[in-house]
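Q:
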Amino acid sequence: MSTDSDQTTPPLKWIEQPPTAFDIVTGYYPESKPKAELRLRPCLVVGVLKGQTTGNLAIRIAYGTKNLKFVQRKDIDLIIQNHSDLKAIGLPMATRFNLDELIVLPWNQENFGCWRGYRHPVIGRLTQDYIKDFAYSMMIRQSNS
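Under this note's numbering, residues 493 to 637 are what the sequence shown spells out, in order.
Written as structure tokens, this is what we have:
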């Protein structure tokens, strides 16, 4: 018979399997001010960087929020709200990825983690249509700057 005290924490094997661009991962971003309890939220991976000398990985992400602000943000953020799309992408609820606040974070357990029931921070991936929507949003942003 095994008890909780007999079990050890398994090694973080997901660290060795980084995400790729357009994956959806669960990360601790953004921090709230004042700093509250950290909460994992969905984040869109827009790039993966590797240190030339260290080989360490960092992930450029846009955080996801359930605050859609559809009318104000529809052409400048990536908003996923269709039920079948949410299911295909791996999101539990309608989500807006805020493209105003892209940030680069080291790929480690301080910045990324697994939702309960998951073994990896990668929870899904954008479909081709949403990858095109992302490119369109970035193009609109560049033309407005």
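All C-beta atoms, glycine included, are put in the ideal place defined by N, C-alpha and C.
(1) From V540, I615, Y520, Y555, pick the residue whose C-alpha is nearest to that of E593; which is it?
(2) Could you please give the first and the last residue of the uninterrupted beta strand (DSSP E) stretch that includes D625?
(3) State the start and end residues of the unbroken alpha helix (DSSP H) segment that holds F562.
(4) Kindly give me the distance between the Cβ atoms of T512 and V540, rounded to whole angstroms, as I take these residues to be in contact under 8 Å.
(5) For V538, which residues from the same chain have a beta carbon less than 7 Å from its beta carbon, with the 5 sequence-adjacent residues on both sides left out?
(6) Flag this pair as yes or no: are the beta carbons of W599 and L532 separated by less than 7 Å?
(7) Which of the three DSSP states, helix, strand or coil, is assigned to L597?
(8) Exposed or buried, which one is Y628 when buried takes at least 16 other CB atoms within 10 Å?
(9) Looking only at its chain, what residues have a beta carbon closer than 8 Å to the beta carbon of D625, apart from the 5 residues adjacent to it on each side?
(10) What residue range is occupied by the uninterrupted alpha helix (DSSP H) comprising K579?
(11) What is the DSSP secondary structure of K542, reduced to helix, strand or coil?
(12) Can you tell me which of E602, R565, G616 puts its alpha carbon nearest to the alpha carbon of L504?
(13) In chain order, what residues of the same chain lie with their CB nearer than 8 Å to the CB of G609, ignoring the 5 residues before and after it?
(14) What separation, rounded to the nearest whole angstrom, lies between the Cα atoms of Q634 and M585?
A: Reading off the structure:
(1) If we check each option's Cα against that of E593, Y555 comes out closest.
(2) D625 -> not in any beta strand (DSSP E); alpha helix (DSSP H) instead, spanning 620 to 636.
(3) Where F562 is concerned, the enclosing alpha helix (DSSP H) stretches over 562 to 565.
(4) Under the criterion of beta carbons closer than 8 Å, T512 and V540 qualify as touching, at roughly 6 Å.
(5) For V538, the CB contacts under 7 Å within the same chain, skipping 5 residues up- and downstream, are A513, R552, I553, A554, L594 in chain order.
(6) No. Outside cutoff.
(7) L597: strand per DSSP, three-state reduction.
(8) Y628 sits exposed, since fewer than 16 C-beta atoms from the chains shown fall within 10 Å of its C-beta.
(9) Taking D625 as the centre and dropping the five residues before and after it, the same chain places the C-beta of L570 closer than 8 Å to its C-beta, in chain order.
(10) Its alpha helix (DSSP H) spans residues 575 to 581.
(11) In the three-state DSSP reduction, K542 falls in the strand class (E or B).
(12) Residue E602 is the option with its Cα nearest to L504.
(13) Closer than 8 Å at the Cβ level, and outside the excluded window around G609, lies no residue.
(14) Roughly 29 Å separates the two Cα atoms.
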